[in-house]
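Right, one structure below, let's go through it.
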Amino acid sequence: MASKKVEFLKSRLRNTYPSISVERARLVTEFYRRPSIETPISRKAHMLEYLLANMTIYINPESIFVGDHGERYRSVPAYPEWGSNWILEDIDTFDHRSTDNMCWAKPEDKEELIAICEEWKGRGFREVVDSHLTEEMKQASLDGLITIGSRIVSTASHMPNYGEVMKKGFRRMIGEIQEKLDSIPHYDYVTQEQKDTWEGMLVTLKAAVHFAHRYAELAEQMSQSEADPIRKAELNRIAETCWRVPELPPRTFYEAMQFFWFIHLIYQIENAGHNHSIGRFDQFMYPYFKHDIDAGIATEEDIVEMIQCMLIKWTEIFELRDHIEAEAYAGFPMWTNITIGGIDEEGKNACNRLTHLFLDAADGAETTQPAISFRYNKKIDEPTFRKVLQLIQKGLGQPAVFNDEINIPRVLANGCNDIREARNYAIEGCVEAQVPGKTDFRPVAGFINILKVLELTMHNGMDPKTGRQFGPETGCMEEMDSMEQFMEAYKKQLSYIIDFHLNAYGICSALHSQICPTVFASTLVDGCIEKGRILQKDGAKYSSTSTFISGVANVADSLAVIDQVVFRQKRMTLKEMTEILDQNFEGNEVWHQMFLNKYEHFGNDSDLVDDYCRRVVTYCADENLKHRDSRFGQYELILLNQTYNIWQGRVVGATPDGRLDGEPLANNASPSNGMDRSGPTAVGNSIGKMDTLMVPKGVLVNHKFDPAVARGEKGLAMLESFVRAYCDAGGQHLQINVVDTETLRDAQKHPENYKHLMVRVAGYSAFFIELDPRVQENIIGRTEHGSTC
3 MASKKVEFLK SRLRNTYPSI SVERARLVTE FYRRPSIETP ISRKAHMLEY LLANMTIYIN
63 PESIFVGDHG ERYRSVPAYP EWGSNWILED IDTFDHRSTD NMCWAKPEDK EELIAICEEW
123 KGRGFREVVD SHLTEEMKQA SLDGLITIGS RIVSTASHMP NYGEVMKKGF RRMIGEIQEK
183 LDSIPHYDYV TQEQKDTWEG MLVTLKAAVH FAHRYAELAE QMSQSEADPI RKAELNRIAE
243 TCWRVPELPP RTFYEAMQFF WFIHLIYQIE NAGHNHSIGR FDQFMYPYFK HDIDAGIATE
303 EDIVEMIQCM LIKWTEIFEL RDHIEAEAYA GFPMWTNITI GGIDEEGKNA CNRLTHLFLD
363 AADGAETTQP AISFRYNKKI DEPTFRKVLQ LIQKGLGQPA VFNDEINIPR VLANGCNDIR
423 EARNYAIEGC VEAQVPGKTD FRPVAGFINI LKVLELTMHN GMDPKTGRQF GPETGCMEEM
483 DSMEQFMEAY KKQLSYIIDF HLNAYGICSA LHSQICPTVF ASTLVDGCIE KGRILQKDGA
543 KYSSTSTFIS GVANVADSLA VIDQVVFRQK RMTLKEMTEI LDQNFEGNEV WHQMFLNKYE
603 HFGNDSDLVD DYCRRVVTYC ADENLKHRDS RFGQYELILL NQTYNIWQGR VVGATPDGRL
663 DGEPLANNAS PSNGMDRSGP TAVGNSIGKM DTLMVPKGVL VNHKFDPAVA RGEKGLAMLE
723 SFVRAYCDAG GQHLQINVVD TETLRDAQKH PENYKHLMVR VAGYSAFFIE LDPRVQENII
783 GRTEHGSTC
C-alpha cells in the first residue's frame, strides 16, 4: 500500500514526459570559457563548485526530499564536455526514436544545445579518446566486434562509505583534509599532486554544503507563503535539515536520507555516469531507524513513506544516451543498486526490521530504480525470505537474489584480504559484488562479441560481413582435422581480440586519470583522502574493471553442434557447414531445424554443451587476468550483455546453433531464447557447472515464470524451492520475471493500460511499454517456465 502523497508522486513520475535540460551544458560551457592554467583536478573541482552555486534549484510539490539534476522536473542534462559530436549526430532523433525518447521543453532549447555542441565540437572527452585510438580499434567498434567503454561517461562507479561519512559529516572531513594540507613536510611533484588533490576535495565538499544551504533558504522562503499547515511543516523540516546535512552528521532517519541523497545527486552532477549504488541500506540506516522508533520521532508507517518517496526520487534521475546505448540500455536504467539482507561481519543473519519495511516500501512504490538486490544464505529467517518471494511473485522483476555462499568467496578471490569486508559486500551495477566504500570499480571496459569471434574463426580471421581480415589467420576450415584443432584456432582468435580490446580500453581509461578526475567522489571512498589521490589514480583500497562477453550460450551451442555433426557423426565437413551458414540456411532448412532441435543446447543440464560453456568462459577469464588496467587493477570477467545482444546480433551471420543471420544473441548468461527445454532446474544445473569463481564480477541469468504456476501458496512454495535449489547448485545470482506472454502481447497493443507493468530486462527493471519493440520481443521470447521440473 502507498499513502496519498506517494500515490501523487508516483503519478507525477509516470505521467511526466522526460525532457532535455540545457542548463548544465550552458553552465559548463560558461565555466570553461574562462582562461585557466590550473591543474585538471583543481579545474574539475571548481567546475563542480560553479555548477552547484549557479544551477536552478526548486522544490517539487508534495516532495519531502530535495535536489534535482535538471532545471525542470524529470529533465535530463547534456554533458557536452564528455562528447558533443554524437549529440549533434543524434539531436534530431531524441524526441522520436523508438526507445528512451524525450522531448524539448522549448524549441529554442534545441537550438541552444546545437550552438553549445558546435562550440565543443571535436574537443570533448569522446573526441579526445577517439583521436588516440587506432583506426582499426574504431572500425572494430563500428563493426560490432567490440565496444569501448567509458568514452562518454566517467569511469567511476561509486558506492560510498555511507555509514562512516554520515557519522562524520562534511565539516569534520574538511577538517581532516585541512590537517593533511597543514602537515605536508616538503614539496616535490608527488606532494604537489597530493596538495592539488586535497585542495580540490575541500572545494567540492564546501560547495556541497553551500548547495544544501541554498535549498534551506528556498524552503524557508516557500514556507513563509505556504497556507497549508501540513506542507508548511514539511518545508520547515526541509529547511532545518538542509541547514544541517551534509555539513553535520544526521540525527534522524529523515536527515540521513537527505544526507545520502545529496551525495548521490552530486555524484551525478559532477560527471556523466551511472552505477552509483547505495550499498547495504538496511545496515547503515538501521541505527537511525532504531533511534527514531525508540524516541517516538517516527512510526514504521512514516519510515515506509520516506523510503517510498526516496525510491521515486531515485527513479527521477536518468541519462541522455546515443541511439545505440538507448537501445542497448532500454528503459532509462541508471544501475543504482541497493542491497538488503545477507549476513553481517560476524557471519550472522543480518536481516532486521528495516529489511522488512524496505520490502514493504518497494511493494507500494513499484519503481524501476534502484535495482533491489537481496543477499540470500541458509541463515536467512523464513519471514524475510517469504517477503522477498512475495515481491517476486507479484511480478515486479525484483528483488534479484544473490547467493552469499558464492559471492563472499568471489569477493575474496577478487583481491579482498579481510573476511569481514567480504561478508559486508554489496551489489554495484547489475551483479557485481564489491566491498562498499573501499572499492573503485569500473563497470564497463566494453563488450566482446564472442559469437562474432567464432564467425571470424570459421573464416580464417576474416569478417564475412565486411570482407575485412580482422583476426589472425588460424587455418582454413578444410584444414581442421579435429575438434581440438578447431578449439585451438578459436582460442587464438579470442586471445587476439581480448588483447586488442583491452589495449583500446586502456587508452581510454588512462586518459580519464589525466583529464576527467572525479574529485568529489574521491572524498567518499576510503583510501583517497589518506593517499591524497583520486580514484582514477589508484586512490581506493581495491580497484578492478569489468570486461563483458556476449553470446556465451550461442558459442557453447555452436561448438557442441560442430563437435557432433562434423567430428563425431561426420555428417558434413566444416567447410560445408560454413557454406550453409554463409547462405543463411537458404535451401538447407532441414539442417536449420536439426541444428535448432536435434542437437544439445545450453541450459538443459547436458554435460557436452555445458562443458564447452565452461571451457570458453574459463579461457576468457584467464586471458583477462593477464592484463592490468590503467590503475594497475585487475581486469575481471562478467557474463552480462544488457540488451546489447540485440544490436550485436545484427552483425553476426547464421551460426551453428541454428540462429539465423542478424538474430539477437542469447541474453546475458542465460540460454538462448526457447532453447532451455528441460525446466529452470536444468538451467541452474548448467550454470552451476561453470567455474564461477573465474567470473568474479558475476553471472547474470534471467528466468521467466508463468503467473499461473507462481500464484498463491503453492506458487510461493515453488519459487522458494527453485531459488534454494538454484543457489545450492552453485548459482551466484538469479532474477525472475513472473509474467505471461499473453499479458506482454496485450501491453504491446494497448500500452495505455499497462503503465505500471514492470519487467526485469537485465541487471535492472523497466516499464515494459517504454522499451524498444525489439527489446520487448526479446523478453517475450524468453522461455516461460511452468514448473521447476
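3 is the number of the first residue of the sequence shown in the numbering used here; add one for each residue after it. Here a beta-carbon is modelled for each residue, glycine too, at the ideal position from N, C-alpha and C.
Handout entry: Sufficient close CB pairs (3 or more, under 8 angstroms) joining the segment 121 to 137 to the segment 219 to 228
Key = Contact fails between the segment 121 to 137 and the segment 219 to 228, because fewer than three Cβ pairs, one in each stretch, are under 8 angstroms apart.
Problem - Which listed residue (280, 84 and 151) has its alpha carbon closest to that of residue 517 - result: 84
Handout entry: the segment 546 to 561 in contact with the segment 165 to 184 per 3-pair CB rule at 8 angstroms
Key = no
Practice task
State the start and end residues of the unbroken beta strand (DSSP E) segment that holds residue 339.
Solution key: 339 to 343
Problem - Within 8 angstroms, strictly: CB atoms of residue 241 and residue 290 - result: no
Handout entry: Environment of residue 63 [buried if 16+ CB atoms lie within 10 Å]
Key = exposed
Practice task
State whether the segment 549 to 562 contacts the segment 614 to 630, with contact taken as three or more CB pairs (one from each stretch) at a distance under 8 angstroms.
Solution key: yes
Practice task
Look up residue 484 in the DSSP assignment and say whether it is helix, strand or coil.
Solution key: The three-state reading of DSSP puts residue 484 in coil, since its state is none of H, G, I, E or B.
Handout entry: Three-pair Cβ contact test at 8 angstroms for the segment 725 to 742 versus the segment 626 to 644
Key = no
Exercise for the section: Inspect the beta-carbon positions of residue 621 and residue 493 and report whether they are closer than 8 angstroms. Expected result: Their beta carbons are under 8 angstroms apart, which means residue 621 touches residue 493 by this criterion.
Handout entry: Given residue 212 as reference, the closest of 151, 50, 285 and 340 once Cα atoms are compared
Key = Nearest C-alpha to residue 212: 50.
Practice task
Indicate whether residue 80 and residue 26 have their beta-carbon atoms separated by less than 8 angstroms.
Solution key: yes
Exercise for the section: State the start and end residues of the unbroken alpha helix (DSSP H) segment that holds residue 544. Expected result: Element bounds for residue 544: not the alpha helix (DSSP H) but the beta strand (DSSP E), 544 to 552.
Practice task
List the endpoints of the continuous alpha helix (DSSP H) containing residue 28.
Solution key: 25 to 35
Handout entry: Range covered by the beta strand (DSSP E) that runs through residue 449
Key = 449 to 451
Practice task
Entirely within the segment 633 to 707 and at least 4 residues each: give me those alpha helix (DSSP H) ranges in chain order.
Solution key: 646 to 651 and 682 to 690
Practice task
Output the distance between the C-alpha atoms of residue 69 and residue 16, rounded to the nearest integer angstrom.
Solution key: 19 angstroms
Handout entry: residue 145, enclosing alpha helix (DSSP H) - first and last residue
Key = Unbroken run through residue 145: none, as it is neither H nor E.
Exercise for the section: In the DSSP assignment, find the beta strand (DSSP E) that holds residue 428 and state where it starts and stops. Expected result: 428 to 430
Practice task
Report yes or no: is there a C-beta of chain C within less than 8 angstroms of the C-beta of residue 492?
Solution key: No chain C is present in this structure, which holds just one protein chain.
Problem - Status (buried if at least 16 other CB within 10 Å, exposed otherwise) for residue 194 - result: Counting Cβ neighbours within 10 Å, residue 194 comes out exposed, since fewer than 16 surround it.
Problem - Close-in-space but distant-in-sequence residues of the same chain around residue 165 (CB under 6 angstroms, 5 per side omitted) - result: 286
Practice task
Compare the beta carbon distance of residue 586 and residue 662 with 8 angstroms and say whether it is the shorter of the two.
Solution key: yes
Practice task
Apply the 10 Å Cβ neighbour rule to residue 592 and answer buried if 16 or more other Cβ atoms are within range, or exposed otherwise.
Solution key: exposed
Exercise for the section: With DSSP collapsed to three states, give me the class of residue 771. Expected result: The answer is helix: DSSP assigns residue 771 an H, G or I state.
Exercise for the section: Name the residue from 437, 496 and 636 whose alpha carbon lies nearest to the alpha carbon of residue 462. Expected result: 496
Exercise for the section: Under 7 angstroms Cβ to Cβ from residue 382, same chain only, skipping five residues before and after it: list those, please. Expected result: 343, 351 and 353
Exercise for the section: Look up residue 2 in the DSSP assignment and give the residues it is bridged to. Expected result: No answer is possible for residue 2: the residues shown for the chain start at 3 and end at 791.
Practice task
Check residue 7 in the structure and name its three-state DSSP category.
Solution key: helix
Handout entry: Cβ-based neighbour list, residue 790, same chain, cut-off 8 angstroms, excluding 5 preceding and 5 following
Key = Per-residue confidence for residue 790 stands at a pLDDT of 46, beneath the threshold of 50, marking its modelled position as unreliable; no derived number is given.
Problem - Backbone CA spacing between residue 336 and residue 634 [nearest angstrom] - result: 27 angstroms
Problem - Buried/exposed call for residue 231, threshold 16 Cβ in 10 Å - result: exposed
Practice task
Express the C-alpha separation of residue 408 and residue 255 in angstroms, rounding to a whole number.
Solution key: Their backbone Cα atoms lie some 33 angstroms apart in a straight line.
Practice task
Rounded to whole angstroms, what's the CA-CA distance from residue 34 to residue 476? Just pull it up for me.
Solution key: So the alpha carbons of these two residues sit roughly 50 angstroms apart.
Handout entry: Inter-residue Cα distance where the pair is residue 526 and residue 161
Key = 9 angstroms
Practice task
Compute the beta-carbon to beta-carbon distance between residue 610 and residue 660, rounded to the nearest angstrom, for a pair I have assumed lies under 8 angstroms.
Solution key: Residue 610 to residue 660, Cβ: 16 angstroms. No contact.
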